[in-house]
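Using this note's numbering, the first residue of the sequence shown is number 46, and each one after it goes up by one.
Think of the CB as a built atom: it goes at the ideal place given N, C-alpha and C, for glycine as much as any other residue.
Working notes, structure below.
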Amino acid sequence: MNLYEHTIVARQDTSPSQIKQLTEKYSKIVEKNDGEIVKTEEWGLLNLSYIIKKNRKGSFIHFKIKGPGKIIDELEKNESIDKNLLRYMTVKVKKFDLEANYFSKKEEYEKKDYKKN
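In structure tokens, the structure reads:
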């Protein structure tokens, strides 16, 4: 089994319910192709480095996927025709980092036991 980290960027005017629908849609594609979603993270609305299709911001969704390579082909085929998405990217990794949450707010970070006493 291969391990992948897959990120999609939706348009800035995408509603929270549409974000949930996108997450479910692409999760089902993974499961239909004998894959497994290990973790899904919604990073929220973030500024883009440059304007993409007249958008300055995008809603980021990140998947950690375990499965064969045909999953990525199927995902990217569907994402390339989805009008709600600005960009997508897949990276093959050797192992997942399931503990770090890089896009959590500072307060959430401090609530956890990351501070030294």
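With C-beta atoms as the reference, is residue i less than 8 Å away from residue j?
i    : j    : result
S94  : A55  : no
T52  : Y147 : no
K137 : N78  : no
K109 : V83  : yes
I126 : Y49  : no
Going by CA-CA distance only, name the one from the options that's closest to residue i.
i    : options                 : result
F141 : R132, H107, I74 and L67 : H107
L124 : L67, Y49 and Q63        : Here residue 124 turns out to be Glu, not Leu, going by the sequence shown. For E124, the nearest C-alpha among the options comes from L67.
L131 : I64, I97 and P113       : I97
Under a three-way DSSP split, which group does residue i fall into?
i    : result
Y71  : helix
K109 : strand
L90  : strand
K137 : strand
S16  : Nothing in the structure corresponds to residue 16, since the chain is present only between 46 and 162.
I117 : helix
Short of 8 Å in beta carbon distance, which residues of its chain neighbour residue i, apart from the five on each side in sequence? Order them along the chain.
i    : result
S72  : I82, T85 and F108
Q57  : L90, N100, R101, K102, G103 and S104
L143 : V83, K84 and K109
Q63  : A55 and N129
E69  : none
Could you name the residues of the same chain whose beta carbon sits closer than 7 Å to that of residue i, not counting the 5 residues immediately before and after it, in chain order?
i    : result
E119 : I74 and N78
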